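In this text, residue positions in the sequence shown follow numbering that gives the first Met the number 0: the first is 0, and each later residue adds one.
The C-beta atom is built at its ideal place from N, Cα and C for all residues, glycine as well.
Just so you know, these numbers come straight off a predicted model, no measurement behind them.
Working notes, structure below.
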Amino acid sequence: MRRILPIVVILLLAVAGGWLWMQRDVPPTDQTAMTDLPPTPAGEAAVVADQAAEEADAAAKEAAAEESQAAADAAADAAADAAAIAADAAAEAARASEESNIDPASDAAQAAEDAAEAAIDAADTAARAAAESGDPEAAADAARDAAEATADTANAAAVAARIETLLTPQGFDVARVRAMIDEAQIPDAQKSTLRRLIDTAGNNPELLRAALEQVKQVMR
């Protein structure tokens, strides 16, 4: 399956008690990104988009194997469904990024939007291939592209959802917030101040809420 576009996404992975932030091309089906997502609109949209990507990929494989008009039509339909769901997931990622309002979340939202646009373009190509040329192979290729782009959207929406939740008292994890601060492009003095703030806040909801707001202000 060819790459739709290189999407630079900050992935949050639980590693040795902290979170590893890294840049990478998101693979078509990144199950890690769909694990333990917060029950927020963005998190739920990411799961739905990931499922739609899998369905579109399965339809594409069937179209390639059967090489029939019916299979090509089914692949085009699945690609269209996936693209529509990708657009919804991108919208939720944008909302989540506005809520957290920091650069990593904004980057994830932009990645989701770019991938959703790629999914829409690929779905349109699949529809034309199925309707105009009756070419199952071309429809299958385009459906696979739509599936991959939809999976990319899901992964980016998952990142936005995690960041949104992390910066709330309910979703707070001191090790993960400290890791985020450490990776931020801000002066070391500001990093030290923010780390002291969250350490001092502890489990006090009011202090923690104020400390997290300060983290967001500095990292914008």
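Residue burial classification, residue i (beta-carbon count within 10 angstroms, cutoff 16)
i       : result
Ala-82  : buried
Ile-185 : exposed
Ala-93  : buried
Thr-34  : exposed
Glu-147 : buried
Met-218 : buried
Asp-198 : exposed
Pro-135 : buried
Asp-140 : buried
The ligand GTP heavy atom lying under 8 Å from the CB of residue i
i      : result
Ala-71 : This structure simply doesn't include the ligand GTP, nor any ligand for that matter.
Short Cβ contact (9 Å threshold) for residue i with residue j
i       : j       : result
Ala-111 : Ala-159 : yes
Ala-52  : Ala-85  : yes
Ala-114 : Thr-152 : yes
Gln-88  : Ala-142 : Reading off the sequence shown, one finds Ala at residue 88, where the question assumed Gln. No, they are not a contact pair.
Ala-129 : Ala-75  : yes
Pairwise C-alpha distance: residue j and residue i
i       : j       : result
Gln-68  : Asp-56  : 17 Å
Leu-196 : Gln-169 : 17 Å
Ala-70  : Ile-119 : 20 Å
Pro-204 : Ala-95  : 21 Å
Asp-181 : Gln-109 : 23 Å
Glu-54  : Lys-190 : 44 Å
Glu-116 : Pro-38  : 25 Å
Val-214 : Leu-193 : 6 Å
Glu-91  : Ala-78  : 20 Å
Ala-73  : Ala-200 : 54 Å
CB contact below 9 Å: residue i versus chain C
i      : result
Ala-64 : Going by chain labels, chain C is absent from the structure shown, which holds only one protein chain.
DSSP state of residue i mapped onto helix, strand, coil
i       : result
Ile-185 : coil
Thr-166 : The sequence shown places Leu at residue 166, not Thr. In the structure shown, Leu-166 sits in coil (DSSP, three-state: anything other than H, G, I, E or B).
Asn-202 : coil
Gly-42  : helix
Ser-67  : coil
Ile-119 : helix
Asp-134 : coil
Thr-34  : coil
Exercise. Report yes or no: do the region 90-107 and the region 158-171 share at least 3 C-beta pairs separated by less than 8 Å?
Key: yes
Quiz item: Would you call the region 170-180 and the region 40-49 in contact, with 3 or more CB pairs under 8 Å?
Solution: no
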